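FYI, our numbering numbers position 252 of the sequence shown as 267, with every residue one higher than the one before it. A virtual CB, placed ideally from N, CA and C, is assigned to each residue, including glycine. Everything numeric in this text was worked out from a predicted model, so none of it was measured. Worksheet for the structure shown next.
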Amino acid sequence: MAMQSLAPELLARVFESLSSVPDIISLSLTCRYFYQILPKSQKLTLFFRALDETDGPVEDIIQLLTQNDNQLLHVRRTPPMSFALLSQVTAVARVARRYVDLYPKFRWTGVDSVQRRFLDAHEARRLRRAIYRMWSYAKAFYQFPYRVPRTDLTAVSERLQLLRSWSNEDLFEMEDLRGMLEQLLATEICPTDGEVYSRVPEDAQRYHLSLQYPHLRPLESAWPAYDDLFHNSRDADHNVAKPTVQELRGKHMQGWGSDLQNFYLVQSFLKFSPAQILWLYDNTIRRADVERFIEQQTHDPCFFDSRSLLFQDWLTVLHARGVDVQQAREDIWDGRTGIVNTMERAV
16 MAMQSLAPEL LARVFESLSS VPDIISLSLT CRYFYQILPK SQKLTLFFRA LDETDGPVED
76 IIQLLTQNDN QLLHVRRTPP MSFALLSQVT AVARVARRYV DLYPKFRWTG VDSVQRRFLD
136 AHEARRLRRA IYRMWSYAKA FYQFPYRVPR TDLTAVSERL QLLRSWSNED LFEMEDLRGM
196 LEQLLATEIC PTDGEVYSRV PEDAQRYHLS LQYPHLRPLE SAWPAYDDLF HNSRDADHNV
256 AKPTVQELRG KHMQGWGSDL QNFYLVQSFL KFSPAQILWL YDNTIRRADV ERFIEQQTHD
316 PCFFDSRSLL FQDWLTVLHA RGVDVQQARE DIWDGRTGIV NTMERAV
């Protein structure tokens with residue numbers, strides 16, 4: 016029996032059973048009858064439901080997208096569903112999807128790299144929720160134009176009210192994500208001089224000083240090699256793959272100072288939203304690229320003079336709730352709570 020012969024009520028149930036937006040679209044485009052079987056409003060509901068399953072929680076994306084100066088941040092907003100909103104939600108979800116792929120690399124490093132694995136569905140959802148909420152925090156308090164001046168006392172109240180609207184488990188997930196972003200920033204975007212030095216092959220370490228002192232750099236190494244940036248016909252003959260941005264950055268990124276300087280730099284970079292940090296990861300090769308991005312995005316010559324207050328606010332809220340924050344942080348990094356919960360997996 017052909018599907019076109021099924022009753023419209025049964026076909027509607029078929030659409031409702033689909034778990035992803037591409038599946039719904041593909042079935043709709045099969046024929047004109049399937050395209051017209053559901054009204055647009057019903058399709059829109061199915062799209063949002065499917066997105067919540069694959070990239071949700073969509074509710075947190077909507078709170079991020081509907082921030083405005085006329086409403087308190089911690090009050091939930093319920094805008095009408097529309098295809099324009101759906102398009103914006105999809106764009107935000109795409110960023111979170113990348114972090115689901117990157118998280119294992121920067122969560123399990125060094126001796127812990129043997130534990131590296133893909134996130135399961137529950138862990139991925141917790142990670143996405145933390146991303147959307149950290150993004151909301153950054154957008155409200157650190158993105159230009161500012162919701163309220165950073166020196167205004169009402170900013171402190173709003174920041175704490177926003178964090179108080181989330182449970183302890185939600186805040187643990189955000190701290191887990193914050194630690195992962197610190198690792199990404201410290202190793203990829205603003206590595207220390209020592210980190211850069213450790214990447215230089217032993218037989219080339221005599222050139223290490225040229226990374227920090229350009230006037231000592233040999234002329235041929237002043238810029239990335241031509242072959243690093245472009246392909247030519249000879250590359251195809253020898254099956255030479257074009258290096259990734261991350262590989263080029265490993266060769267050409269300069270150090271940003273000592274370990275102590277690095278700590279404060281990372282806290283400044285955490286004022287950026289997860290989308291901006293991801294852009295830096297995907298597009299910057301040299302320190303000058305990062306500095307140019309900071310200038311273009313913030314127009315703030317004192318960017319490094321102020322730092323993200325998320326961790327301080329996190330401590331304030333949990334202390335007020337009577338939580339042992341030192342124990343909580345140990346539990347997060349040992350995998351007993353947060354995004355990756357080994358206790359949950361053992362059940």
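Beta-carbon separation (whole angstroms), residue i vs residue j, contact threshold 8 Å
{"i": "Arg302", "j": "Trp271", "result": "7 Å"}
{"i": "Val281", "j": "Ala201", "result": "5 Å"}
{"i": "Asp208", "j": "Ser102", "result": "Not quite, the Cβ-Cβ distance comes to about 44 Å (not below 8 Å), so this is no contact."}
Straight-line Cα distance separating residue j from residue i
{"i": "Asn356", "j": "Gln19", "result": "46 Å"}
{"i": "Leu324", "j": "Asp339", "result": "19 Å"}
{"i": "Tyr114", "j": "Glu197", "result": "13 Å"}
{"i": "Lys55", "j": "Leu21", "result": "20 Å"}
{"i": "Pro188", "j": "Leu142", "result": "The sequence as given places Glu at residue 188; Pro does not occur at that position. Approximately 7 Å, taken between the alpha carbons."}
{"i": "Ala153", "j": "Trp181", "result": "16 Å"}
{"i": "Ser35", "j": "Thr69", "result": "7 Å"}
{"i": "Gly125", "j": "Asn83", "result": "42 Å"}
{"i": "Arg131", "j": "Arg122", "result": "8 Å"}
{"i": "Leu293", "j": "Leu263", "result": "16 Å"}
{"i": "Val107", "j": "Gln312", "result": "18 Å"}
{"i": "Ile309", "j": "Phe319", "result": "10 Å"}
{"i": "Gln57", "j": "Met96", "result": "11 Å"}
{"i": "Asp116", "j": "Phe133", "result": "8 Å"}
{"i": "Arg351", "j": "Glu210", "result": "30 Å"}
Short Cβ contact (7 Å threshold) for residue i with residue j
{"i": "Ser49", "j": "Leu59", "result": "Reading the sequence as shown, one finds Phe at residue 49 and not Ser. It is not a contact, given that the beta carbons lie outside the stated cut-off."}
{"i": "Trp329", "j": "Leu186", "result": "yes"}
{"i": "His89", "j": "Leu33", "result": "no"}
{"i": "Val29", "j": "Ala290", "result": "no"}
{"i": "Ser283", "j": "Arg344", "result": "no"}
{"i": "Asp191", "j": "Ile300", "result": "no"}
{"i": "Glu203", "j": "Tyr118", "result": "no"}
{"i": "Arg92", "j": "Thr81", "result": "yes"}
{"i": "Leu265", "j": "Arg307", "result": "According to the sequence shown, residue 265 is Gly rather than Leu. In this structure, Arg307 does not lie closer than 7 Å to Gly265 by Cβ."}
{"i": "Ile40", "j": "Leu61", "result": "no"}
Proximity test, residue i beta-carbon vs the ligand MG heavy atom, cut-off 6 Å
{"i": "His334", "result": "Of ligands this structure carries none, so the ligand MG is not represented either."}
Cβ of residue i within 7 Å of any chain C Cβ
{"i": "Glu197", "result": "Considering every chain present, this structure includes no chain C. It has just one protein chain."}
Residues of its chain near residue i, where Cβ-Cβ distance is below 8 Å and the 5 sequence neighbours each way are ignored
{"i": "Arg140", "result": "Gly71, Pro72"}
{"i": "Val332", "result": "Leu175, Leu178, Arg179, Leu186"}
{"i": "Pro23", "result": "Ile52"}
{"i": "Leu26", "result": "Met18, Phe49, Ile52"}
{"i": "Tyr147", "result": "Pro72, Asp75, Ile76, Gln78, Leu79, Val107, Ala111"}
{"i": "Phe63", "result": "Val73, Met96, Leu101, Val104"}
Own chain partners of residue i with C-beta closer than 6 Å, once the 5 adjacent residues on each side are dropped
{"i": "Asp67", "result": "Val73"}
{"i": "Cys205", "result": "Trp271, Leu280"}
Same chain, Cβ closer than 7 Å to residue i, five either side skipped, listed in chain order
{"i": "Val260", "result": "Asp297, Asn298, Ile300"}
Whole alpha helix (DSSP H) elements within the stretch 38-109, 4-residue minimum: 47-51, 55-70, 73-80
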